[in-house]
Structure formats: structure tokens, C-alpha cells
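FYI, in our numbering the residues of the sequence shown are 16 to 292.
Think of the CB as a built atom: it goes at the ideal place given N, C-alpha and C, for glycine as much as any other residue.
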Amino acid sequence: MTSSIEHVDDRVMAILVTHERPPKASPVSATITHLWRGIMAFKHFPAQLIDIILLPAIFLLLFTYLFGGAFAGSPSQYLQFFLPGIAVQSVILMTVYTGTAINTDINKGVFDRFRTLPFWQPAAIAGNLVGDVLRYLIALTMTIGMGLALGFRPGGGILGVLAAMGVLIVFAFSVSWIFAAIGVVASVPERVSGTSMIVIYPLLFMSNIFVRPETMPSWMQVLVKVNPLSHAATASRALMHGTAGFWDVMWALIASLVITVVFAPLAVRLYRSKNTR
């Protein structure tokens, strides 16, 4: 028994001595690895599907049938206005999971283990964010599918709907960097959720997702027009209804770029500074 173990050890040592060290993973391959890890984590926690499916469904049914008549004269007319907006809300609420997942990994010591490995460290965050695209796709598919069942009719056809989904995924990816930064600095996952709700809900309700800005006080219209969520909702409506102009979409993409440029470096810097403590 001892001789066989020694024989195996000799063979292992021979391989270690005669072979070169494997090359360091590139930033792209490291990000893809963490992307796959995030997808697997989603697979093992299917309870997340309840939030992804249930929250958009509740808001869609509640606002369409409870407030639709007051807002637009009838629920069916309001649905044509509201569905592209609630699609924005469905993906924005999913971005909170990014910060929660990152904070959970930090508190469990997972990122401490990552720190000892020779790969591009920001991939641990970037991979999580890219992997969350799956959540956005599911949320958008369920929201739009339910809207079609209730009577939503997109004038832009399938291409307009797909284009709107693409713009909203890009926008949600940019917003997820905000909650990634919150996830790095928060003490516990519950703090991430609480802080995120304080940030999200004022932005949601001070946008053009639920009602037209023309019905609001003039001072609030100013806030609504500069709200990035309003630009995303405007692009979503214009693309789905086939009325999109250049700036309808461009403002949403510019907002996405600005958010990413500001918060992506901030999240990475906070992560690196946390690693050096």
C-alpha cells in the first residue's frame, strides 16, 4: 500500500517538474467562468423565479385593472401605455439581486478565496452581472407574454419587441453596477435590499412608467424628464409601438453609458480596496 502511494507521488512530482505552469486565465475567460457560476447558482435556487415572475404579474394586473380606467379611460387602453413601462420595472427590480449575491459571497468568505487565485479579480463582479442577463430575459419574456395574453398589441411587431428587450437588457446591466457597488460596501445582504429599495422606488414612481408626465406638476415634470428610467420607458414604448425615433432610443443608451462609466469603475475600486484591507 505504501509503495503504491509513493509510486503515485513520484509520478505526480514528475509531472509537476517536467510541465510548465498553466497560463493565467485571461479576463474574458475568467469572466465567462464566473458567469457560468452565477447561472449555476440561479439553477440551484429556483425560488428566485417566484420574484421574477410574480412581481411583474402583480404590478401588471393591479395597475391595469385597478387604475387603468382612471388613468386612460379603460384598462385595455392603459395596457398599451403601461406594458412597455412595466417591462422597465421588471428588469430594474431584478438588478437588486446582483448586489445581494455579491454581498452574500463576501460575507461567506467566497471572495477571500477568489483573492488567492491568479485571475483578473474584477471578473468576480463582472461575471455576476453578465450572468444576471438570464434573469432579465426571463422577467421580460414573462411580462410581455402576460401583456399579450391580456390584450397588449405592439405596433412594432416582433422586431420592435425584441429591440426593446435588447435596449432594456443593456439598461438593466448598467444599473446593476450601482447595486454591485452597494453590495460590496454593505455589511449584510439585508442592508443591500433595504438600501436598494430606497433608491429604486422613488425613481420608479417619479418616471413616466405609470402615467404621462403631462398630468404632473411642472416641477415634477422636470424630474421625470431627467430620470434615466423615463428614457428607458420612452425607448421601450417607441420600439414596441413602432414609433421610435433616433433620440428615443439614443437617450436610453446614453443614460446606460453614463451610469456604467460612473459606477463600474467605482464598484471595481471598492472591491479592490476591500480586498486590500
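Check whether the region 173–185 touches the region 237–250, counting contact only when three or more Cβ pairs, one atom from each stretch, lie closer than 8 angstroms.
yes
Please give the ranges of any alpha helix (DSSP H) in the region 196–220, keeping only runs that are unbroken, at least 4 residues long and fully inside the region.
204–220
Can you have a look at Trp-262 and say buried or exposed, based on whether 16 or more other CB atoms are within 10 angstroms of its CB?
exposed
Out of Met-55, Leu-272 and Ser-288, state which residue places its alpha-carbon closest to the alpha-carbon of Gly-320.
Residue coverage of the chain in this structure runs from 16 to 292, which leaves residue 320 outside it and unanswerable.
Cβ-based neighbour list, Ile-159, same chain, cut-off 8 angstroms, excluding 5 preceding and 5 following
Leu-98, Ala-102, Phe-167, Val-176 and Met-180
Spatial distance of Asn-242 from Ile-107 (CA atoms)
Whole-angstrom Cα-Cα distance: 13 angstroms.
Any contact of the region 187–197 with the region 269–279, i.e. 3+ C-beta pairs under 8 angstroms?
By the Cβ test, the region 187–197 is in contact with the region 269–279, since at least three Cβ pairs between them sit closer than 8 angstroms.
Going by the CB atoms, is the gap between Met-109 and Ala-187 shorter than 8 angstroms?
Yes. Within cutoff.
Taking DSSP as the reference, what is the three-state secondary structure of His-256?
Collapsing the DSSP output to three states places His-256 in coil.
Looking at Leu-183 and Leu-155, is the spacing between their C-beta atoms short of 8 angstroms?
yes
I need the DSSP call for Gln-136, collapsed to helix, strand or coil.
coil
So Ser-46 packs on Ala-116, CB below 8 angstroms; how close in whole Å?
Going by the sequence as given, residue 46 is Thr instead of Ser. Not quite, the Cβ-Cβ distance comes to about 15 angstroms (not below 8 angstroms), so this is no contact.
Extent of the continuous alpha helix (DSSP H) to which Phe-129 belongs
125–130
I'd like to check one pair, Val-199 with Ala-282: are the Cβ atoms closer than 8 angstroms?
yes
Could you check if Asp-120 is buried or exposed, using at least 16 other CB atoms within 10 Å of its CB as the buried criterion?
buried
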